[in-house]
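Novice: Residue numbers (the numbering used here), protein chains in the order written: chain A, 5 to 146; chain B, 4 to 185. All C-beta atoms in this analysis are idealised placements derived from N, C-alpha and C, irrespective of residue type, glycine included.
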C-alpha cells in the first residue's frame with residue numbers, strides 16, 4: 005500500500021475535496037485525521053473580536069480628524085491671508101504714495117505687539133482645540 | 004450586496020456612510036491579521052482603527068489593480084508589522100528562520116491550562132511562532148487568501164509562502180500529537 009507523505013495529505017486538504025479513509029493504512033488514516041483536526045482549528049475564527057460599534061466609532065473618529073485638519077488649514081490660510089494683505093496694502097501704497105506707505109508701516113510696527121499676541125493667541129487656540137479633540141477622542145474610545 | 008467600485012467612488016465623494024459600510028465589510032479581515040501579530044487587546048483595536056484611517060487616506064491612490072480586500076490586508080499587515088517592530092513584542096520576530104528545529108515553550112501555566120481545549124491550544128502555539136509563519140497561517144486559513152494573494156500582501160515569494168504553510172502546519176500537528184501521547 006502506497007504511503008501518503010505530509011505534503012500529499014496537506015495538498016489533499018488544501019484542495020478542499022472530500023477525502024475518504026477507505027483504502028488507507030492505519031498510520032495514514034491517523035495522519036489524515038490529525039491534519040483534518042488541525043485544519044478545522046486553523047480555519048476557526050477567534051473567540052474575541054472588535055466591539056459591535058467599531059465601524060461607527062472609526063467613522064466618527066475619521067470625521068473629527070478631517071474636521072480638525074480642515075480647521076487647521078483654514079486658520080493657517082487666514083493667518084497667511086492677513087500677512088499677504090498687509091504686504092499688498094504696503095506695496096500698493098508705496099506705488100501710489102511713499103509717505104502714506106511709510107505711515108502705514110509705522111502704524112503696523114507701532115501695534116506690533118498686538119499682531120504678535122494675535123498670532124500666538126491663534127496658535128494657542130489651535131493647540132487648545134487639538135487637546136480638547138484628543139480628550140474627546142480618548143473619552144469616546146473608553 | 005457590496006459593490007467595491009460603487010462604495011469606493013462614494014467614499015471619494017465624501018460619503019461617510021459608504022466608509023462605514025467599507026469598515027463593516029472588512030473589519031473581520033483586518034482584525035484577523037492584527038490579532039495574530041499583536042498581543043495586547045486594546046492595541047489591536049487601536050491598530051485596526053489606524054488601518055482604516057490609512058485606508059481612507061490612501062483610497063484616492065487605489066487603482067483596482069488588485070482586489071480591495073488584498074489591498075486592505077496589505078495595509079493591515081504593514082501597520083501591524085510596523086507596530087510589532089516598534090514594540091518589545093517584536094522580539095518574537097527574532098526566532099531562528101529554520102522552524103524545523105523550533106521548540107515551543109510549553110512550560111507556561113497558560114499552556115498547561117489550555118491544552119485540553121485544542122482550538123485555544125493551537126492559537127497559543129501559533130502565537131509563539133515567528134511572525135512570517137503566523138502571518139501566512141492567518142492569511143491562508145482565516146482570511147482565505149490564495150498563496151499568490153499572500154505574496155501581494157506580504158511581499159513573501161509564493162514558493163516561500165507555500166513552504167512556510169507546510170512547515171508551520173507540520174510542526175503544529177507534530178506538537179499536538181506529541182502532547183496528546185504524553
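Is there a Cβ from chain A that is less than 8 Å from the Cβ of residue 8(B)?
Specialist: no
Novice: What is the DSSP secondary structure of residue 86(A), reduced to helix, strand or coil?
Specialist: In this structure, residue 86(A) counts as helix in the three-state DSSP scheme.
Novice: Mind listing which residues of the region 144-158 of chain B have their C-beta closer than 8 Å to chain A's C-betas, in chain order?
Specialist: Taking 8 Å as the Cβ-Cβ cut-off against chain A, the residues of the region 144-158 of chain B that qualify are 144, 145.
Novice: Please work out which residues of its chain come closer than 6 Å, Cβ to Cβ, to residue 92(B), disregarding the five sequence neighbours upstream and downstream, and give them in chain order.
Specialist: The predicted model places residue 92(B) with a pLDDT of 47, which falls under 50 and marks its position as unreliable, so this point remains unresolved.
Novice: Taking Cβ positions, are residue 68(A) and residue 136(A) nearer each other than 8 Å?
Specialist: no
Novice: The alpha helix (DSSP H) that contains residue 13(B), what's its start and end?
Specialist: Counting along the chain, the alpha helix (DSSP H) containing residue 13(B) begins and ends at 7-15.
Novice: What does the alpha-carbon distance come out to for the pair residue 54(B) and residue 47(A)?
Specialist: Cα to Cα, residue 54(B) sits roughly 23 Å from residue 47(A).
Novice: Identify whether residue 123(B) lies in helix, strand or coil by the three-state DSSP scheme.
Specialist: helix
Novice: Using a beta-carbon distance cut-off of less than 8 Å, what residues from the region 59-73 of chain B approach chain A?
Specialist: 59
Novice: In terms of alpha-carbon separation, which member of 86(A), 108(A), 85(A) lies closest to residue 96(A)?
Specialist: 108(A)
Novice: Could you check whether residue 140(B) and residue 178(B) sit closer than 8 Å to each other, using their CB atoms as the reference points?
Specialist: no
Novice: Can you tell me where the alpha helix (DSSP H) with residue 40(A) in it begins and where it stops?
Specialist: 30-47
Novice: Any C-beta of chain B sitting closer than 8 Å to the C-beta of residue 3(A)?
Specialist: Residue 3(A) cannot be examined here, being either before or after the span of chain A that is shown, 5 to 146.
Novice: Which runs of the beta strand (DSSP E), 3 residues or longer, sit entirely within the region 17-69 of chain B?
Specialist: If we require 3 residues or more, the region 17-69 of chain B turns out to have no beta strand (DSSP E) run fully inside it.
Novice: Quick one: what's got a C-beta closer than 7 Å to residue 35(B)'s C-beta in the same chain, skipping five residues either side?
Specialist: 141, 145, 146
Novice: Any beta carbon from chain B within less than 8 Å of residue 59(A)'s own beta carbon?
Specialist: yes
Novice: Let's test the definition: count the other Cβ atoms within 10 Å of the Cβ of residue 34(A) and tell me whether it reaches 16, buried, or not, exposed.
Specialist: exposed
Novice: Is the beta carbon of residue 37(B) closer than 8 Å to that of residue 79(B)?
Specialist: yes
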